[in-house]
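Asker:
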Amino acid sequence: MSPRVFFEGPYWLYFYASDHKEPVHVHVSRDDKEVKIWLETFEVAFNRKFSQKEIRDIIRIIERRRQEIEDKWNDFFIK
-3 MSPRVFFEGP
7 YWLYFYASDH
17 KEPVHVHVSR
27 DDKEVKIWLE
37 TFEVAFNRKF
47 SQKEIRDIIR
57 IIERRRQEIE
67 DKWNDFFIK
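If you read the sequence shown in our numbering, its first letter stands for residue -3, the second for the next number, and so on.
(1) Using three-state DSSP, classify Lys17 as helix, strand or coil.
(2) Skipping 5 residues on each side, what residues in its chain have a beta carbon closer than 6 Å to that of Ser25?
(3) Are the CB atoms of Ile65 and Ile58 nearer to each other than 9 Å?
(4) Enumerate, from N- to C-terminal direction, the unbroken alpha helix (DSSP H) stretches of 4 or more residues contained entirely within the region 22 to 52.
(5) Can you give the Cα-Cα distance for Phe72 and Lys29, rounded to whole angstroms?
Following this line, the structure appears as structure tokens:
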């Protein structure tokens, strides 16, 4: 199961149910691309096919909506 966090523009942000043992992060997909971003540092954990420009755009979205992502993480994994 992949809990969806939200869609923004062409990007789908989500978690994997098995992610609970890792620090807070979010996966982002578009078409056949995927990137995983740590919320604490906004660093890329892995990237599959996203350009650096797209990653910068994605990180801006995550920075702006960080609290919402953390709240959804806590709702899914902690509560």
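Heads up, the beta-carbon is just placed ideally off N, CA and C, and yes, glycines get one too.
Answerer: Checking against the coordinates, here is how it stands:
(1) Numbered from 1 along the sequence shown, position 21 holds the residue referred to as residue 17. Assigned with DSSP and collapsed to three states, Lys17 falls in helix.
(2) Here residue 25 corresponds to residue number 29 of the sequence shown, with the count starting at 1. Only Trp8 meet the Cβ criterion.
(3) Counted from its first residue, the sequence shown places residue 65 at position 69. Counted from its first residue, the sequence shown places residue 58 at position 62. Yes, the Cβ-Cβ distance between Ile65 and Ile58 is below 9 Å.
(4) Within the region 22 to 52, no complete alpha helix (DSSP H) segment of 4 residues or longer occurs.
(5) Position 76 of the sequence shown, counted from the start, is the residue given in the question as residue 72. Position 33 of the sequence shown, counted from the start, is the residue given in the question as residue 29. The alpha-carbon separation between Phe72 and Lys29 amounts to approximately 24 Å.
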